[in-house]
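In terms of the working numbering, the sequence shown is residues 1180 to 1697.
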Amino acid sequence: MTRAASREQPTLAAVAARAATAGSATVMFNVTHFGATDRAAADAPQIDFSPPTEHDRAATETLAFYPAAAGFQVHTWIPDSPHKPVEGVSINRITASPRPAERDPATHVYRGSVVINPNFLYDPAHSTELLITAGYDRWQPDYADSLMITRIYRGIATSAAADGGVPVLFLQSPVAPYRDPPGRFREDGSGEAPRVANGLAVRVLVGLDDRNPAKRLALLRRITEMAEEYGLGLQIADRRFGRVRGEWWSVLAPDLARYAARKTELFGWAPAGAPQAVELVTFVGPARVGSSAAIAEDLVARNIGILATSAATLQEIAFINMMLPVAPARLDRAHPSGTCLPIVEGLGQVASDCGLTRKQDLKERRSHIALTAATDYQVLSTGPVRPGMAAPEEADEHPLWLSWMVPLDRDPASRPPDVAQLVLAQLREAADRVTSGRIDYYRVRVQPDGRVRGRAKIKVRLVDGVTRGQIPALLSELCPWAQREVVATLVRDHVPLRSIRLRLAWRERWLGRVTTVM
């Protein structure tokens, strides 16, 4: 057996083991789009790892993303009985959520199934994480900023797809930008200033090809060149021995003047002001290398901006969620509506609602998306909705990172509330320190051994009168207090203490260094 062939054996064994465990080549899913027509901007819908169409079961993986009062929830699971594989993506739309408390004219649930791509198998442990930043402060995007984000998204996706390609396993924007502490790096985290919850930054996790180390270097070189062109900062996850997630190695510092100049040069023609309405769009299909790049190229060609995005691979299915600004000329659509279309027709409809066009761009553009790795993807679209994004002076929110692992109670009737919801409720009880809070990002996986493992980012707004110098001490008291109270609540709900792993911290890297507090 050749050396190259021997390296393939673990991959083949993993594919066979996955197929035997799943018992089906089909993955079921729900995608829920939450609008904000009847919901205050500070609120967010309840998060649950039970799919809205399958209340009596737990989803294998759950993803939620709420950049504003509007957002997305995704659930995936394997059907109880094997499904006959059907080529492509099968989706049905429900006009309102089955749960009465969530009935809202801007809420749409899409349910369906996807046949997995057996050639897609990447271990997230063999990956590199990047943070691409334009600035460290809170921001309110305008139409030109949204078009810049689309360009940045294309730069990342096409860099990953080049030279045989590696997959984009996760991508999200906006996220909390990270600034290096002054002076020498401190292991205990002292010196790191509190971060804003959402800034003009993109966080991306890219798979690696361990058989070709040069490919990783070429990828980083391409992304560095893109960052330099647009005046962006670039940081790479520090993977040296003893480091944990949330520790970064800085490569480039952001150049705000360069970013502003490129924005004006490329999109000085874009409408002024902040977008007033958005369309919620999800691209769904089997995970493939190059599908993100194909979608990004099409968005750039049609001048479609991106205000927020969260792309992830759940059980080998790609879900690319985007909040796209509606063009000013198309703001007169009266009521939110939901559609599910093949990618060619779906992108055409999205372009008619969200595409920004100059006179010199009026000539018809031909889309080549049908000839790419995203050819059989479906486009789920809800809108327009008005997400109620806060102005910069009203959005002084700080991120808290949460990690937990608890046993799963298979009986939904006796299952305790979701851990992230418990933590959020506890934080809101600290009225002397916190005025509001909501979940920004949530990712949960039910493991084969019956444990629920999750990670979330919670945004909190502090009471008035707290100076910047007081914030670290306040958050350092708030996090362990909320952590202790939630652990005690779980114990009262008959969850064994020894099985609870719960960490809440305002510095992300502390999740890997702080033990459960009681």
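Every residue, glycine too, gets a C-beta built ideally from N, C-alpha and C.
Inset, instruction - Compare the C-alpha of Asp1316 against each of Pro1258, Val1529 and Pro1353 and name the closest. - result: Residue Pro1353 is the option with its Cα nearest to Asp1316.
Inset, instruction - Could you tell me the distance, in whole angstroms, from the CA atom of Trp1448 to the CA atom of Ser1325? - result: One C-alpha to the other measures close to 13 angstroms.
Legend entry - Boundaries (first-last residue) of the alpha helix (DSSP H) holding Ser1471: From DSSP, the alpha helix (DSSP H) with Ser1471 extends over Ser1470 to Ala1480.
Legend entry - Glu1240 - partner residues in DSSP beta bridges: The partner list for Glu1240 (beta bridge, DSSP) reads Thr1255 and Arg1624.
Inset, instruction - Buried or exposed for Ala1247, please, with buried defined as at least 16 other CB atoms from any protein chain shown within 10 angstroms of its CB. - result: Per the 10 Å Cβ criterion, buried.
Inset, instruction - Tell me whether Asp1324 sits in a helix, a strand or coil according to DSSP, three-state version. - result: Helix at Asp1324.
Legend entry - CB of Val1602 within 8 angstroms of CB of Val1665, strictly: Going by C-beta atoms, Val1602 is nearer than 8 angstroms to Val1665.
Inset, instruction - Could you pull the start and end residues of the alpha helix (DSSP H) that Ala1726 belongs to? - result: Coverage of the chain is limited to positions 1180 through 1697, which leaves residue 1726 absent and any answer about it impossible.
Inset, instruction - Report back the beta-carbon spacing between Val1598 and Trp1580 to the nearest angstrom; my notes put them in contact at under 8 angstroms. - result: Actually they are not in contact, since the Cβ atoms of Val1598 and Trp1580 sit about 13 angstroms apart, beyond 8 angstroms.
Legend entry - Cβ shell of Ser1678 (< 6 angstroms), same chain only, five flanking positions each side left out: Cβ-Cβ distances below 6 angstroms link Ser1678 to Pro1586 in the same chain, with the five nearest sequence neighbours on each side left out; the list follows chain order.
Inset, instruction - Could you check the C-alpha separation between Val1463 and Gln1626 for me, to the nearest Å? - result: Inter-residue distance for Val1463 and Gln1626 is about 23 angstroms (C-alpha atoms, whole angstroms).
Inset, instruction - Check the Cβ-Cβ distances between Leu1398 and every residue of chain C, and say whether any is below 8 angstroms. - result: Absent here is chain C; the protein component of the structure consists of one chain.
Inset, instruction - Report yes if the CB atom of Leu1431 is closer than 8 angstroms to the CB atom of Thr1403, and no otherwise. - result: In contact: Leu1431 and Thr1403 (Cβ atoms closer than 8 angstroms).
Legend entry - Sub-8 angstroms separation of Val1479 and Val1558 beta-carbons: Contact flag unset, no.
Inset, instruction - Could you tell me which of Ala1472, Pro1578 and Leu1503 sits nearest to Leu1550, measuring between CA atoms? - result: Relative to Leu1550, the option among Ala1472, Pro1578 and Leu1503 whose CA is nearest is Ala1472.
Inset, instruction - Round the Cβ separation of Asn1296 and Glu1495 to the nearest angstrom and send it over; I've been treating them as touching at under 8 angstroms. - result: Correct: roughly 6 angstroms between the Cβ atoms.
Legend entry - Distance between beta carbons of Asp1434 and Gly1410, contact taken as under 8 angstroms: A Cβ-Cβ separation of about 4 angstroms places Gly1410 in contact with Asp1434 under the 8 angstroms criterion.
Legend entry - Opposing strand residues paired with Cys1519 [DSSP bridges]: Per DSSP, Leu1559.
Legend entry - Residue environment, Glu1687, which counts as buried when at least 16 other CB atoms sit within 10 Å: Buried, by the Cβ-count rule.
Legend entry - Reduced DSSP secondary structure (H/G/I, E/B, other) of Phe1446: Helix, per DSSP.
Legend entry - Boundaries (first-last residue) of the beta strand (DSSP E) holding Tyr1289: Looking at the DSSP string, the run of the beta strand (DSSP E) that includes Tyr1289 is His1287 to Val1294.
Inset, instruction - Quick one: using the 10 Å Cβ neighbour count with 16 as the cut-off for buried, is Ser1154 buried or exposed? - result: The requested residue 1154 is not part of the displayed model; the chain covers only 1180 to 1697.
Legend entry - Residue environment, Thr1329, which counts as buried when at least 16 other CB atoms sit within 10 Å: Classification for Thr1329: buried.
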